[in-house]
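To keep things clear, I will list the structure first and then write my remarks on it.
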Amino acid sequence: MYKVSGYSGGGLMIKCEHPQYKTKPKYICKESDGCSERKSPGVQDEWMENGDVSLYDDTRAGVLMVFFRELKAADAGTYRCGVNVSHYTETFTELQLNIKHDAKYPKSMTESAHLGEEVSISCQIPEEHKVNFCKADDNHICQNISSSKVTQMNGSSERNEERVFTVSISNVSVRDAGVYWCGAETRDTYLTFISLTTKIQLSIINFSMIIIIGLCALLMSLLLISGFTLTVWKLRHERRGDAWFGKKNTMSADSRRDSLLDPGPAQTNTNDDPPTIVSDGVMYAAVRFQKNEESDATVKLSSFLSNSKPQKTV
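Residue numbers (UniProt numbering): 1 to 314.
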């Protein structure tokens with residue numbers, strides 16, 4: 001039985017090799033649970049998530065890759081990494097997973113670099129293991145990165161059980177930003193496991209973007225100041241206009257009041273015509289003539305106002 005060690009909160013990659021059964025479906029299960037739940041990718045040659053692990057059945061190499069994203073105490077136990085040869089036959093490899101809670105390895109750290117420069121990252125791993133440095137992809141799977149950009153330099157031992165190594169990434173670009181893992185790799189005949197101890201968040205500083213963002217912020221500030229100034233000016237202008245219009249209306253009202261109070265010199269009648277009598281009603285007049293001169297009838301003239309009795313009879 002193989003012994004595998006991982007660290008709480010860290011990642012773990014297990015590679016089970018079955019070169020003689022490349023295209024056969026592969027699985028991993030926990031014997032302490034009676035292998036009641038067999039985790040299998042379901043689809044070959046593609047990363048698939050199954051619970052808290054991701055699996056990849058590589059039919060070209062005959063390898064089942066199992067990636068634990070974040071180890072916890074409940075993950076400890078005995079596992080069976082197998083392949084279904086037929087409906088009645090299967091073959092498997094047993095491994096014992098131990099979870100350590102050692103605080104001597106930092107769980108996470110942050111690094112930053114300017115665009116186009118070189119960044120160096122230092123990690124600690126156990127002395128007897130091979131160094132592994134990888135980058136998490138969009139599926140949070142830690143993948144090996146291009147060796148042309150990465151230079152590994154082994155450092156001196158700080159303690160008897162561990163050593164420090166430095167990885168340098170040259171000519172960094174925006175694509176190099178992301179999550180990296182430092183880890184220790186152990187390889188056997190049909191089993192490889194990589195214990196990832198430290199997660200590194202790498203940020204890339206782009207001066208051109210900083211300048212553009214600064215200019216945009218300055219432009220927005222100028223626009224806000226201009227808008228505020230224009231609004232204040234319009235409000236003051238409207239207030240002055242309202243005050244002038246109100247003053248003009250007041251002057252007009254005063255003029256009309258003065259004209260009513262002082263109607264001007266009274267008009268005198270310069271003609272010799274008798275004054276005209278104005279009545280509240282309408283005056284009517286009626287004249288009756290008799291054609292026969294020998295008649296004793298008299299001529300009657302009457303006048304009266306509307307809505308009143310006749311005033312005079314001749």
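Heads up, the beta-carbon is just placed ideally off N, CA and C, and yes, glycines get one too.
Reference residue i; option with closest CA among the options
i: Ile141; options: Thr166, Glu46, Lys234, Glu117; result: Glu46
i: Cys35; options: Cys216, Asn171, Tyr79; result: Tyr79
i: Tyr7; options: Tyr56, Thr23, Asp75, Val172; result: Asp75
i: Thr59; options: Glu17, Thr89, Val174, Asp33; result: Glu17
i: Val164; options: Cys123, Lys104, His129; result: Cys123
i: Ile121; options: Tyr88, His87, Val85, Val172; result: Val172
i: Pro41; options: Tyr190, Val53, Ser32; result: Val53
i: Lys130; options: Asn139, Ser168, Glu31, Phe193; result: Phe193
i: Val174; options: Leu202, Asp188, Glu185, His237; result: Leu202
i: Thr23; options: Val4, Glu31, Gly10, Asp57; result: Asp57
i: Lys104; options: Leu218, Ser221, Ile125; result: Ile125
i: Thr91; options: Pro19, Thr110, Leu222; result: Pro19
Cβ-Cβ distance between residue i and residue j below 8 angstroms
i: Leu115; j: Leu71; result: no
i: residue 321; j: Lys15; result: Given that the chain is displayed from residue 1 to residue 314, the structure contains no residue 321 and the question cannot be resolved.
i: Thr166; j: Lys107; result: no
i: Ile200; j: Ala113; result: no
i: Gly62; j: Tyr21; result: yes
i: Met1; j: Leu95; result: yes
i: Leu196; j: Gly10; result: yes
i: Glu118; j: Ser86; result: no
Bridge partner(s) assigned by DSSP for residue i
i: Gln20; result: Answer is none; Gln20 lacks a bridge partner.
i: Asp57; result: Leu64
i: Gln44; result: Paired residue(s): none; Gln44 is not in a bridge.
i: Val131; result: Ala184
i: residue 323; result: The requested residue 323 does not occur in the structure, where the chain is confined to residues 1 to 314.
i: Lys15; result: Met65, Thr192
i: Glu70; result: DSSP output for Glu70 lists no bridge partner at all.
N-terminal and C-terminal residue of the beta strand (DSSP E) that residue i is part of
i: Glu90; result: 90-100
i: Ser173; result: Neither: Ser173 is in no beta strand (DSSP E) and is coded neither H nor E.
i: Cys29; result: 26-30
i: Cys81; result: 77-84
i: Lys3; result: 2-7
i: Cys142; result: 142-144
Tell me whether the segment 33-52 and the segment 94-103 touch, counting them as touching only if at least three CB pairs, one residue from each stretch, are closer than 8 angstroms. no
Evaluate contact between the segment 175-184 and the segment 131-141, counting only Cβ atoms and requiring at least three cross-stretch pairs below 8 angstroms. yes
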